[in-house]
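Structure, as structure tokens:
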Amino acid sequence: MLTKNAKSRLLVALITVTTAIMGLCYPLSDTTYRWHDSSQYTRVIVNAREGIETRPRQWFAQDKLITDYTIANADLIGRDKAVQEYKAGRDLLSSYGLAVGTYISGTTVMPESRETHWPWSVVPLEWMAAPSRYNGSWPDMDYRKLIDVTDPATRHSFQQGIKRLWEQTPAPVRFIDNAAIHRSAGKGQPWSSYCANIEEIRKIGESMGSLQIFNLPLHVGEMSDEETSQLIKAVGKGGILLEMPWHENIRKNPAATERARLRYRELLDAGMGIIMATPGTEPPQELVNWVRTWRKPTDHLYFAGVFWKAPDAKLYGAGALQ
């Protein structure tokens with residue numbers, strides 16, 4: 014039997030926990046998401062920002078996921094106003110049954126004074142440990158530094174910054190931009206080190222109850238077997254977003270197209286989610302037609318869409334990929 018003092022301590026503990034839960038900006042039910050059935054609706058909204066709340070509710074009737082939502086002019090309207098607008102917008106979108114994610118850069122840091130978004134989109138440079146190492150700066154932005162992903166201590170300091178930001182804004186999904194550059198798409202750092210960083214970030218997110226989606230400049234058909242295995246291990250059951258899912262140079266080359274098809278099947282069969290994000294407001298019909306030839310009904314395969322244009326049922330609706 015509990016003593017009077019023990020009962021008092023237990024009551025205080027329960028009140029503390031209850032208060033903490035009620036104090037969260039978002040309900041606990043808003044912190045879970047699993048890949049939805051892409052056979053029913055293939056659109057995923059990417060890079061949503063202020064203004065999305067003006068879209069009619071029916072535009073989102075079959076949507077399930079917004080990878081990231083942010084107030085992009087927080088520096089102009091002030092942090093308090095940005096926080097209010099963000100919460101109001103996200104609460105509205107969540108009431109539609111949408112999972113709403115947050116945005117963060119996966120390899121860059123910059124001074125806190127340079128941040129213009131809410132929630133913050135980049136780990137502040139001031140949060141990094143003193144001996145951290147860097148691998149140059151972002152093009153035309155000397156103040157925005159690229160972390161050295163080959164250095165574990167730098168990675169872990171950076172990841173603690175991500176965790177700290179994520180703790181401020183619980184969310185069911187995390188969109189991690191600038192996660193890696195594959196040699197097929199440009200010059201970057203070692204692929205194995207990128208994958209180590211991705212895996213470590215993904216595990217942090219999973220421990221907080223979220224699903225992670227990584228944006229990668231990558232031509233999947235140009236990955237080696239080893240690189241593919243590294244990526245599968247790093248991403249796990251999370252996802253990747255590809256801005257060049259079937260580049261023109263690959264589309265014109267039957268051998269390259271077949272390599273891409275085989276790699277897509279390998280990634281999808283491993284349980285990974287893939288979002289194809291081509292330039293423009295909707296996927297080209299030729300891409301949709303090609304995907305139809307090899308997609309399985311159980312694949313977590315989606316096309317990116319924009320929030321300012323009503324979805325085209327021919328491209329995104331139920332059965333569009335059948």
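Numbering of the sequence shown is given in this note's numbering, commencing with residue 14 and proceeding in unit increments. Glycine included, each C-beta is placed from N, C-alpha and C at the ideal position. Computed from a prediction, not measured in an experiment: that's the story for all the values here.
- Exposure of A143 is indicated by the presence of fewer than 16 other C-beta atoms within 10 angstroms of its C-beta.
- Within the region 134-185, the beta strand (DSSP E) runs of at least 3 residues that lie entirely inside it are, in chain order, 147-151 and 154-160.
- Excluding five sequence positions before and after Y46, the CB atoms of its chain that fall closer than 6 Å to its own CB belong to A112, P185, V186 and L224, given in chain order.
- Taken in chain order, the complete alpha helix (DSSP H) segments of 4 residues or longer contained in the region 34-92 are 87-90.
- Secondary structure of N228 (DSSP, three-state): strand.
- Residues V59, L254, L255, E256 and A317 of the same chain have their beta carbon placed closer than 7 Å to that of A290, with the five preceding and five following residues left out of the count.
- It is roughly 5 Å from the alpha-carbon of E125 to the alpha-carbon of P137.
- Distance from the CA of W48 to the CA of T129, rounded to the nearest whole angstrom, comes to 30 Å.
- Judged by DSSP secondary structure, V122 falls within the beta strand (DSSP E) whose first and last residues are T121 to M123.
- For L300, the closest C-alpha among the options A283, D93 and P258 is that of P258.
- When the beta-carbon positions are compared, G119 and A192 come within less than 9 Å of each other.
- Between K176 and I217, the gap from beta carbon to beta carbon is short of 9 Å.
- In the DSSP assignment, I253 falls outside any alpha helix (DSSP H) and lies within the beta strand (DSSP E) extending over G252 to L255.
- Under the 8 Å Cβ criterion, the region 265-280 counts as touching the region 225-242, having at least three qualifying pairs.
- Using a 10 angstroms sphere on the CB of M141, the tally of other CB atoms reaches 16 or more, which defines it as buried.
- Measuring C-alpha to C-alpha distances from E213 to each of Q53, P165 and E240 identifies P165 as the nearest.
- In this structure, the beta-carbon distance from G222 to G252 does not fall below 9 Å.
- Taking a contact to require three or more Cβ pairs closer than 8 Å, the region 79-93 and the region 153-161 do not qualify as touching.
- Counting along the chain, the unbroken beta strand (DSSP E) around G318 starts and ends at L314 to G318.
- Taken through DSSP and simplified to helix, strand or coil, D282 comes out as helix.
- Around the beta carbon of P132, 16 or more other beta carbons sit within 10 angstroms, so the residue counts as buried.
- Going by C-alpha positions, S220 is about 34 Å away from Q71.
- Listed as beta-bridge partners of S118 by DSSP are D190.
- A distance below 9 Å separates the beta carbons of P310 and S52.
- Here DSSP, grouped into helix, strand and coil, assigns A290 to coil.
- Counted as a single uninterrupted DSSP element, the stretch harbouring L111 is not any alpha helix (DSSP H), since DSSP gives it neither H nor E.
- Counting along the chain, no alpha helix (DSSP H) covers V233, and no H or E run does either.
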